Amino acid sequence: MDTKDVIFELRTKKGLSQDELAEKLYVTRQAVSRWENGETIPNTETLKLLSKFFDVSINTL
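For what it's worth, UniProt numbering labels the leading residue of the sequence shown as 1, then goes sequentially.
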């Protein structure tokens, strides 16, 4: 599964909007949208935050 699909699945399983996830990670909603559309991938620091927030390994992302 691609990073974009994993982020989308984890976010929707938690019932979060893109805005809500962005706020928790201190990024813009547009950044979350770009990740989920596969336009960009999160940087290393953001991957660490995503990993901790969703309680998954970075390798899962």
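Where a beta carbon is used, it is the ideal one built from N, C-alpha and C, also for glycine.
Values in this document were obtained by computation on a predicted structure and should not be read as measured data.
Considering just the uninterrupted stretch of the alpha helix (DSSP H) at residue i, what are its terminal residues?
i	result
K13	T3 to K13
S51	T44 to F54
E36	R29 to E36
Would you call the CB atoms of residue i and residue j closer than 8 Å?
i	j	result
E36	I7	yes
T3	I58	no
R11	A22	no
F53	L25	yes
Exposed or buried, residue i, counting other C-beta atoms within 10 Å across all chains shown (16 or more means buried)?
i	result
V56	exposed
Which of helix, strand or coil does DSSP assign to residue i?
i	result
L16	coil
E23	helix
Assuming residue i contacts residue j (C-beta within less than 8 Å), just tell me the rounded distance between them.
i	j	result
L49	L61	Not a contact, Cβ separation roughly 11 Å.
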